[in-house]
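Novice: Please find one structure pasted underneath; my questions will follow.
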Amino acid sequence: MSLLSGLLGNIAAATLSKDVRLEWRSKDAINSMLFFALLVVVIFSFSFDPNAEESRRIAGGLIWVGFLFAAVVALNQTWARELRNQVLDAYRVSPAPANSLFLAKALGNFIFVCVLEALMAPLFILFYNLRALGPGWQLIPIALLGTWAIVVNGTFFAALSIRTRSREIMLPLLLFPISIPALLAMVEATTDVLSGEYSARFWIALLMAYDVVFTIASLFLFETVLHAE
Amino acid sequence: MKFLFAAYAATWIIHTVYMGTLARRFNRLRNQIREIARKK
Amino acid sequence: MKRLFPIFAFITAALLSFALYEALIGAPTEQTMGDVQRIFYYHVSSAWTAFILFFINFVASIQYLVRKNDSSDRITNWIVIALGVITCIAAYVVHLPQGIEKSSIASTGISVIALYFLVRKLFSPDNVDALAVTTAEVGVVFCTVVLITGPLWARPVWGIWWAVGDVRLTSTLVLWLIYVSYLLLRKFSNSGQTPKIAAALAIFGALDVPLVYFSIWFFRTQHPQPVIGDGGEIDPRMLHVLLLNWLAFSCFAVMICWARYRLEILKREVEETLALESLLEEPRSIR
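Below, the structure written as structure tokens:
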């Protein structure tokens, strides 16, 4: 705990540990995400019924589309929880910096989605008989960078969409167009590693650039969005 | 040749439709303004 | 201003008809593609117009957020000037790849500064948001034209309607998606905070554009596609017609934006009046 507050600052650490504890006790987000991702795996495996060669080509796309859809479930809950008891209003009038709230929320979502991926990845491998022909260790940085790309934009856009009429529909509508380059990079990098035909290095660099650009942009703009009336 | 005409026609259809929606919105607004004026 | 509009509309109509004549009859016929190549005059000029409108939307969104506060306004002004100057210097210092003119990069840098300060001069801090809505909406209309004329050109020339790997067409599609989501956001939230969150989204969208471009560019190198080159040098007569069409469509875009902007301002005034009225009426009803 003290290490965490040293790294992030007190407020971010407190918010993060509160969110993680809430999730640990209720397991709302992780359960719904897990079940959702499981459904995606099963439905996709029925609808494509691929052999090993084919599955190597399409698995990257399936995995990441599944995780993206599942992540939206968790992202939608990020701010909705704070809305219920006017916690967000309390935050707005408090002198606490907005960015530490954003970082805590983004990190919390990052942890949840990473846990989901760690649990779902073995299942994917079993269902599609996957074996990486390229350097398999590269999948770890791809997964981490890709998850952060989804989560940092998702947390920001969730904060935008809670101010609209139909918030749950709005989040994917905002998030998906913007994350097309990130999704393309994740899918292509994963496919490259699995098929071993090309190097995934360019895609990893693109993901890094995406993460840096949008993390900075989110930190710059989050205060405006939070304090928007 | 028919692709050429299709493209040019499509361009102007899109622009006309958009101008139509603009005109409709202007009309609706004008009615609203008239109503406000009448109330006063 | 109001009397100027019909005059401007007349000039635009004349320009558009002349440009249409030049594109269909005046311009020479392309040797390999034939008459279908003439789609290019509408396609490319609409694309340039759409990109400029989206860029103005980006500028207006930044200004909406920045001009609320004096110090951030001043800092942003200097950043814009610095960026423009650095671009100009870099154009002459950095070794550019073949085919890119130094002067075109430098003039882009200068026009970015000019555009930023022009928008700043012409629109008050409250009205830049109306400008942002206007340019986004009209930009989406022009972008739709690009996306429809593109496949109509691709079909006879490449034999397919849509090439997933074509960098320009696919990036334009993604751009279109981003701005449609922007318009949806504005539609779904009509309250005092809409301009702020919409401006934030517009900035995110604009930052996304280079990433989209590079990702699709690299995607193409891995997935072989029909080679779609620029065809080398463009005939000067064709370039002339293209520029004429572009001028005509820019005037048309300005005209439409003008109308859309007036609509937005009027709508806001009406909404304000209605809100004020409901405030004034309430005590009477209590009595």
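Chains as they are written, first to last, in numbering that gives the first Met the number 0: chain A, 0 to 228; chain B, 0 to 39; chain C, 0 to 286.
All residues carry an ideal CB built from backbone N, CA and C; glycine is no exception.
(1) If I'm right that C/Leu-172 touches C/Leu-206 with Cβ under 8 Å, what's the distance once you round it to whole angstroms?
(2) Whose CA, out of C/Phe-122, C/Thr-86, C/Tyr-115, C/Glu-270, lies closest to the CA of C/Ser-106?
(3) Identify which residue in A/Asp-210, A/Ile-29, A/Thr-214 has its Cα closest to the Cα of A/Val-112.
(4) Check the Cβ of B/Thr-10 against every Cβ in chain C and list those closer than 8 Å, keeping chain order.
(5) Look at the Cβ atom of C/Cys-256, then the Cβ atom of C/Val-137, and state whether they are nearer than 8 Å.
(6) Would you please verify whether the beta carbon of A/Ala-97 is less than 8 Å from any beta carbon of chain C?
(7) Which residues in chain C sit within 9 Å of A/Val-224, going by Cβ to Cβ distance?
(8) Can you tell me where the alpha helix (DSSP H) with C/Ile-6 in it begins and where it stops?
(9) Is B/Arg-33 close to chain C, meaning its C-beta is less than 8 Å from at least one C-beta of that chain?
(10) Hey, how far is the Cα of B/Ala-36 from the Cα of B/Thr-10?
(11) Anything in the region 146-165 of chain A with a Cβ closer than 7 Å to a Cβ of chain C? List those residues in chain order, please.
(12) Of the choices C/Ser-44, C/Ser-16, C/Leu-64, C/Ile-38, whose alpha-carbon is the least far from that of A/Phe-221?
(13) My understanding is that C/His-42 touches C/Gly-149, with C-beta atoms under 8 Å, so please give their C-beta distance in whole angstroms.
(14) Tell me the residue span of the alpha helix (DSSP H) that contains C/Lys-186.
(15) Going along chain A, which residues have a C-beta under 9 Å from C/Phe-50?
(16) Going along chain C, which residues have a C-beta under 8 Å from B/Arg-37?
(17) Can you give me, in chain order, the residues of the region 185-202 of chain A that have a beta carbon less than 7 Å from any beta carbon in chain C?
(18) Taking the alpha helix (DSSP H) that A/Ser-120 belongs to, which residues open and close that run?
(19) Kindly list, in the order they appear in chain B, the residues whose Cβ is closer than 8 Å to that of C/Thr-272.
(20) Hey, A/Leu-15 and A/Leu-106 are a contact pair by Cβ (cut 8 Å); roughly how many whole angstroms apart?
(21) For C/Arg-286 and chain A, any beta-carbon pair shorter than 8 Å?
(22) With DSSP run on the structure shown, which of helix, strand or coil describes C/Glu-292?
(23) Would A/Gly-145 and A/Asn-108 qualify as a contact pair, given that the criterion is a beta-carbon distance under 8 Å?
(24) Given A/Gly-8, which residues of its chain have a CB within under 6 Å of its CB, disregarding the five upstream and five downstream residues?
(25) Distance, Cα to Cα, A/Phe-47 vs A/Ser-54?
(26) In three-state DSSP terms, what is B/Glu-34?
(27) Could you tell me whether the region 14-33 of chain C touches the region 89-102 of chain C, where touching means 3 or more Cβ pairs closer than 8 Å?
(28) Check for me: the alpha helix (DSSP H) holding A/Lys-26 runs from which residue to which?
(29) Please confirm if the region 122-141 of chain C is in contact with the region 252-266 of chain C, defined as three or more CB-CB distances below 8 Å between the two stretches.
(30) Per DSSP, which one or two residues make a beta bridge with C/Glu-29?
(31) How many Å lie between C/Phe-116 and C/Ala-59 at the Cα?
(32) Would you check whether the ligand FAD has a heavy atom nearer than 7 Å to the C-beta of C/Val-145?
(33) Does the Cβ-Cβ distance between A/Leu-173 and A/Ser-160 come in under 8 Å?
(34) From A/Ile-149, A/Val-39, A/Trp-78, pick the residue whose C-alpha is nearest to that of A/Ala-181; which is it?
(35) Taking C-beta pairs closer than 7 Å, name the residues in chain F that C/Leu-265 reaches, listed in chain order.
(36) Chain C beta carbons: is any one of them nearer than 8 Å to that of B/Arg-24?
Specialist: Let me spell this out:
(1) With a Cβ gap of about 18 Å, C/Leu-172 and C/Leu-206 do not count as contacting.
(2) Of the listed residues, the one whose Cα sits closest to C/Ser-106 is C/Thr-86.
(3) That would be A/Ile-29, whose Cα lies nearest to the Cα of A/Val-112.
(4) Tyr-41, Ser-45, Val-144, Ile-147, Thr-148
(5) yes
(6) no
(7) Gln-192, Lys-195, Ile-196, Ala-199
(8) 3-20
(9) no
(10) 39 Å
(11) Within the region 146-165 of chain A, those residues whose Cβ lies closer than 7 Å to any Cβ of chain C are, in chain order, Leu-159, Arg-162, Thr-163, Arg-164, Ser-165.
(12) C/Leu-64
(13) In this structure C/His-42 touches C/Gly-149 by the C-beta definition: roughly 6 Å separates them, less than 8 Å.
(14) 166-187
(15) For C/Phe-50, there are no C-beta contacts with chain A under 9 Å, since the nearest C-beta of that chain is about 17 Å from it.
(16) Simply none; closest approach about 13 Å.
(17) Glu-187, Tyr-197, Phe-201
(18) For the record, residue 120 of chain A in the displayed sequence is Ala; it is not Ser. Unbroken alpha helix (DSSP H) run through A/Ala-120: 97-127.
(19) Ile-35
(20) 6 Å
(21) With a pLDDT of only 45 at C/Arg-286, under 50, the local geometry of the prediction cannot be trusted, and the value read off the model is given with reservation. So no, C/Arg-286 is outside the interface.
(22) No statement about residue 292 of chain C is possible, as the shown extent of chain C runs from 0 to 286 and does not include it.
(23) In this structure, A/Asn-108 does not lie closer than 8 Å to A/Gly-145 by Cβ.
(24) Only Ser-99 meet the Cβ criterion.
(25) 9 Å
(26) helix
(27) no
(28) Unbroken run through A/Lys-26: none, as it is neither H nor E.
(29) yes
(30) C/Gly-33
(31) 11 Å
(32) The ligand FAD is not part of the structure shown, which contains no ligands of any sort.
(33) yes
(34) A/Ile-149
(35) The question asks about chain F, but that chain is absent: this structure's protein chains are A, B and C.
(36) Interface residue, yes.
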